[in-house]
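From first to last, the protein sequence lines stand for chains D and Y. The numbering of the first sequence is the UniProt record's numbering, which starts it at 1 and goes up by one. The numbering of the second sequence is the UniProt record's numbering, which starts it at 1 and goes up by one. All remarks here apply to the structure that follows.
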Amino acid sequence: MAERDRGPAARNLPHYTGPYERWIFSRDLGRPFAFPSIADGPDRYYAALAEGGLSPDGIAARPPNAIALPPLWNMLGEDLAAVPFVVHRNGEEMPETDGEGPAPGISLTQSGPGPARDGLRARYRLNYPVADRSWVSDYDETLGLADWAEPSRPPKVIVGVIDDGIPFAHRAFLNQHGKTRISHCWLQSGAAGAGRSAVPFGRELMNTQIDALRADHLSEAALYLAAGALDSALPDLGLHLRGRASHGAHIAGICSGNDPCLPGQKVDEDIAIIAVQLPNTVAWDTSGFGKEMYMLSALHYIFHRARLIAGHYAPGPKELPLIVNFSYGWSANRHDGGATMERAFDELVSRRKAIQPATSLNMPMGNNFAKRMHAQITRDDLVDDRQEIGWWLSPDDMTSSYLEIWLPQGFNTKGFRVTVTPPPGFATDGPAVIELRPGQHEGGDPRDFADVAIGGDIVGQLSVDRHFRERWRVMLALIPTSYAHGARRRSPAGEWRIQIEAPFLRADEAVNIWLQRDDDPGVLRSGGRQSHLIAPDRPRADQQGQDDDEPGMLRGYGLFNGISSAPSVTRVAGFDQHSAIPSRYSGAGGVQRINGKVVAWGASPAFAAAADQGQFRPGLPSIGLISGSGVRLQGTSAATAIATRWMAANIAEGRGMTDGLKPLPPLPEEKKDRPVSIVLQRARLGQGLVPTDWG
Amino acid sequence: MSASGGFGGFGGFGGFGGFGGFGGLANFTGLGGFLGQGDTGSYDAATTMGLLTTSEALGHLAGIAPPPASDVLQMNDPANMSGWAVWVRGSLYLSEFMRGLAWQVPGAAPDRVSLSFDGAPLAVLHRPSSQVIEDQCRYVRDYAALREERGTEIVSQLGFPTPYFAMLLGLHSGQHKHTFELITATQVVAAHVAMVAKAALAVRRPDQIDARVQPMLPTPGHPAFPSAHATEAYAVATVLDHLVKSWGSLADEAARRALIYGLAERVAVNRTVAGVHYPIDSWCGATLGSAVGKAVLNRCGQQTAIREATYIAADHDFFHLDFSDEARAAERGLTYAAEGEAADAGPAFGWLWSRAVAERQGPAPQGG
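Okay, structure coming up:
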């Protein structure tokens, strides 16, 4: 894309170094342990995200910088809550400054009306770089249907799949004529092909190209190699499609595949698929950092291509029914719909629903219910205005660990203070304390930082920031507990103590704590290990109690996908198909005791779908990567895919999207008149169960 | 009777089965049972009877004259070594090494053990305080979280973890049988030295201090401090590090050497994960093992100064980075004498070293 002109009214678009950005880009903090492409230093193409409400057409770069916008679903040129883009210097390496990455060398402007909406001030944040070989030198956004052929029957509904490892050549996605039902597939971290491309980075494959590849190659491995979908020199792509199974294959198969491995009702010919393969390493980093541009541009892409297909069938509907399955998320965040991704998702889905009501973005509740990653502290939990909670870090953790404390909107900050104490045997160099007082305001949210040092080594960062000037967050980031990646410093493993002092916490308010996901997604070999919280109010051996007990400080209720709280998003929980009870791991909506009564707070699941076939058949079967292979995976991602398949079938067969939802199972006799049991059941299963017979 | 039946002839080693690092003969992987290997034992009854009748039938063919004069073997000649059964060589390595070892525990209020080798001071290991031991249980409990992931690896390392070292260096029995023998000999002598120190210092195991430890392995029948696994792993790492350098045939030598020490660290830490060792046991074992490794190198004719190490345990976790950096180690209780002394070479180890060095891939250096 050509560099955009700066209008006369162009204003500076500031760069925001939030707590994660400061941590990830600072050599003395978390940078050595960041995703390799960041840790390794300067790159040429940086993904970025402008947020705070601004017009994409109003964003421009001052030379020598330039920007490129991915395909955006924004026909009316409206302001967007977030704009994904790539900033670059026409192929030159972008110099970096410690603490801020390439930002000091980048000068962006914004033009157009208003400084902001919702009182927000627009700014941009940097994301993970795009690999040089993935960069498209001849980007032409008008090519959207160039290699697309009309399918045998016009699509009644489109299924969008955003995931890793998408086996786009798999036989499960063929129609009865042997042609693929995958209309478009964007490999975001694929090597750019020769010639013009309708995506600014990676590789796009349309249905005729996939069919031609299938015709040319008997071996799927050879096909993927020829398609640029296997490339060991591209770490974000790698050789994942050569394996036996991937999350994306499993999910795409359940969403819309026909295969002997898939027990569900057959998917009809007239359900088309648009897929986006995220960088396979998207799960590497254990923070929320760096992925948002890729995620948001994936959703825009699906909306955009779906519109092109609808346009081909003019004068049909402007937009076709569309169910997007996005089985991804992270665990810490605001959990109130106010996160940038949530605002952006909500805006896109709401605007599309206004044109085509049969539009849904399906996201999983997450799989962390039993992982002790969330705690809630209310007024009743405070003793002398204080409470202390433990944060246990595993030995041999090779990645950073993150804890976020979110305070309610309108919270009285007076006297609020967080004090951090390392495990026994260690002492910080000076007190590790932070209060809700902004030391910095410019270029983003009010914020302040305090580094945590032990024996002269910085091992952590305490920060406060008032997110979008709405809610205060306290964050503690800690470096690995192992000497990872050649570093000569580490955090002590064991139990850190987090003391919260909140003298003005009201009875109807709550302090919520979440940990970020920190496991090791197998093939990525990040060496991450999940930390957990330790609450003082229950025995160590029984920290969360029984699932249907009224929760203590530490609870699975409120521990759900941290980017799924947008009102228009369809959140899906998981249940055991055999017993109709919630899957033990399935994330749940929040509950809070106010004035003696337990009530729900925040987002809850829309409904639940099967995630397990039974206690002794955990997970669901689906396809593997290579045609003919099968694999069983467990999680609410699979439940979400079940919901996607069901909703698409409903539309294709002329019913409402969620027609046929079964009522929740009756509570046992001893609980049916207990109000708390009803609240808890809804928090776990939503409004009903998706009818399923997955074998 | 199978060859292993002859293990009885190695009676003095019968006690090995109970050693922490020895774990039982079945785990003598990589060398196929070093200690019994090559022992002839006796034949089964039928063969024995058959031999008797055959001997009676054929004996007359050899005539009745006295035997003629034969060449004699050179006495005490290392060149004979290749003709001895492996278990015999094992005995020689052990004897040759152990003749240099001496140890002393102060009389009235014993608080440490001092070890020397050929009269040169090796290490002074102080008994950890009860407070440190109690504090260290916290680490043992925390490391238990890794049992699920490392369980298989830990169980497979009950014996000597030779396959793990072999994996890092591409060793195979066709080419590297003397390298395997050197590894095993080093492990055996290191285990003996560790038992001496353990017995002197008599520190209870973590599960005998803290009921929450609940190890995933049987509580070993010997004390905790120092860890024999750490002693053996660091002794082997020290010897292999020198061997890889002497080979000079691996282009990625620096990476291999880093891997060797990475493995030694992991083997040591695995014992904490299992719940049978405190991190300070690894500190002490790594200290002792490094000294043993240097002593072995001296016996091999590779003159290496051994600086006396003094370890006074404090409540720290164990990492190779901290152990290998002397300034960091000093902050954690491990210090070294400024100067060191070398020890004597020995014919058995000298012979073994010359064979192991010749097992480099590519032309042998100096036509050897």
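Note that the Cβ used here is the ideal one computed from N, Cα and C, for glycine as well. If you're wondering where the values come from, they're calculated on a predicted model, not measured in any experiment.
Excluding the 5 residues flanking residue i on each side, which residues of the same chain have their C-beta closer than 7 angstroms to its C-beta?
{"i": "Y312/Y", "result": "Before going further, note that residue 312/Y is Ile rather than Tyr in the sequence given. Around I312/Y: H126, G333."}
{"i": "G624/D", "result": "R244, A245, A249, G630, V631"}
{"i": "W351/Y", "result": "P78, M81"}
{"i": "V200/Y", "result": "Contrary to the premise, residue 200/Y reads as Ala rather than Val in this sequence. Counting only Cβ-Cβ distances below 7 angstroms, and skipping sequence neighbours, we find W103, V105, V113."}
{"i": "T109/D", "result": "R6, A10, R11, N12, L13, A60, R62"}
I think residue i touches residue j, with their Cβ atoms under 8 angstroms apart; what is that distance to the nearest whole Å?
{"i": "I251/D", "j": "A638/D", "result": "7 angstroms"}
{"i": "V452/D", "j": "L436/D", "result": "V452/D to L436/D, Cβ: 18 angstroms. No contact."}
{"i": "G30/D", "j": "A332/D", "result": "Rounded, the Cβ-Cβ distance is 15 angstroms, inconsistent with contact."}
{"i": "D281/Y", "j": "S324/Y", "result": "Not quite, the Cβ-Cβ distance comes to about 18 angstroms (not below 8 angstroms), so this is no contact."}
{"i": "T481/D", "j": "P395/D", "result": "6 angstroms"}
{"i": "N175/D", "j": "P151/D", "result": "7 angstroms"}
{"i": "G602/D", "j": "G587/D", "result": "With a Cβ gap of about 12 angstroms, G602/D and G587/D do not count as contacting."}
{"i": "A427/D", "j": "T419/D", "result": "At roughly 13 angstroms, the Cβ-Cβ gap does not stay under 8 angstroms, so A427/D and T419/D are not in contact."}
{"i": "W73/D", "j": "H304/D", "result": "5 angstroms"}
Are residue i and residue j close, meaning C-beta to C-beta below 8 angstroms?
{"i": "V631/D", "j": "A245/D", "result": "yes"}
{"i": "R181/D", "j": "D259/D", "result": "no"}
{"i": "V569/D", "j": "A643/D", "result": "no"}
{"i": "A47/D", "j": "P129/D", "result": "yes"}
{"i": "L13/D", "j": "Y124/D", "result": "yes"}
{"i": "R517/D", "j": "W330/D", "result": "yes"}
{"i": "A272/D", "j": "A82/D", "result": "no"}
{"i": "P536/D", "j": "G545/D", "result": "no"}
{"i": "V213/Y", "j": "V140/Y", "result": "yes"}
{"i": "L685/D", "j": "I254/D", "result": "no"}
{"i": "I626/D", "j": "E100/D", "result": "no"}
{"i": "T231/Y", "j": "G289/Y", "result": "yes"}
{"i": "P121/Y", "j": "E308/Y", "result": "yes"}
{"i": "D132/D", "j": "A198/D", "result": "no"}
{"i": "G119/Y", "j": "V86/Y", "result": "no"}
{"i": "L403/D", "j": "M475/D", "result": "yes"}
{"i": "P206/Y", "j": "G100/Y", "result": "no"}
{"i": "I162/D", "j": "V324/D", "result": "yes"}
Skipping 5 residues on each side, what residues in its chain have a beta carbon closer than 6 angstroms to that of residue i?
{"i": "M341/D", "result": "E292, I563"}
{"i": "W247/Y", "result": "R360"}
{"i": "T29/Y", "result": "Caution is warranted here: a pLDDT of 30 is assigned to T29/Y, below 50, making its placement in the model unreliable, and the coordinate value is therefore given only provisionally. Excluding residues within five positions, the ones whose Cβ falls inside 6 angstroms are T162, P163."}
Measuring CA to CA, which of the options is closest to residue i?
{"i": "P663/D", "options": "I678/D, L689/D, K671/D", "result": "L689/D"}
{"i": "A192/D", "options": "P618/D, G228/D, A339/D", "result": "G228/D"}
{"i": "K597/D", "options": "R674/D, A641/D, F616/D, A608/D", "result": "R674/D"}
{"i": "I500/D", "options": "S152/D, R379/D, R682/D, G178/D", "result": "R379/D"}
{"i": "I513/D", "options": "L478/D, W391/D, R593/D", "result": "W391/D"}
{"i": "I498/D", "options": "T399/D, S183/D, L393/D", "result": "L393/D"}
{"i": "P691/D", "options": "E669/D, M647/D, R489/D, R242/D", "result": "M647/D"}
{"i": "P322/D", "options": "P279/D, I274/D, S297/D", "result": "One point to set straight first is that residue 322/D is Leu, not Pro, in the sequence displayed. That would be I274/D, whose Cα lies nearest to the Cα of L322/D."}
{"i": "G695/D", "options": "A610/D, K672/D, Q634/D, D659/D", "result": "A610/D"}
{"i": "Q131/Y", "options": "V203/Y, G221/Y, G346/Y, A295/Y", "result": "V203/Y"}
{"i": "S107/D", "options": "V511/D, I67/D, E653/D", "result": "I67/D"}
{"i": "L240/Y", "options": "D252/Y, A286/Y, F180/Y", "result": "F180/Y"}
{"i": "A310/D", "options": "G144/D, A194/D, R617/D, F173/D", "result": "G144/D"}
{"i": "S111/D", "options": "M75/D, P155/D, P56/D", "result": "P56/D"}
{"i": "H184/D", "options": "A39/D, T359/D, R27/D, L299/D", "result": "L299/D"}
{"i": "A305/Y", "options": "A291/Y, A314/Y, L52/Y, D315/Y", "result": "A291/Y"}
Which residues in the same chain have their Cβ closer than 8 angstroms to the Cβ of residue i, if we skip the five residues on either side of it in sequence?
{"i": "G527/D", "result": "D396, D397, M398, T399, P480, S482, A484, D520"}
{"i": "L661/D", "result": "F607, Q687, G688, L689, V690, P691"}
Problem set entry | Members of the segment 227 to 257 of chain Y near chain D, C-beta cut-off 8 angstroms | none
Exercise. What are the residues of the segment 134 to 162 of chain Y that lie near chain D, defined by any Cβ-Cβ distance shorter than 8 angstroms?
Worked result: D135, R138, Y139, D142, Y143, A145, L146
For this session: Select from the segment 462 to 488 of chain D all residues with a C-beta closer than 8 angstroms to any C-beta belonging to chain Y, and list them in chain order.
Result: S482, Y483, R488
For this session: For the segment 380 to 406 of chain D, enumerate the residues whose C-beta is nearer than 7 angstroms to any C-beta of chain Y, in chain order.
Result: S394, P395, D396
Exercise. Using a beta-carbon distance cut-off of less than 9 angstroms, what residues from the segment 316 to 339 of chain Y approach chain D?
Worked result: H316, D317, F319, H320, L321, D322, D325, R328, E331
Problem set entry | Within 7 angstroms of chain Y by C-beta, residues of the segment 410 to 428 of chain D in sequence order | P424, G425
Exercise. Using a beta-carbon distance cut-off of less than 9 angstroms, what residues from the segment 529 to 541 of chain D approach chain Y?
Worked result: R529
Problem set entry | Contact list for the segment 489 to 500 of chain D against chain Y, Cβ threshold 9 angstroms | R490, P492, A493, G494, E495
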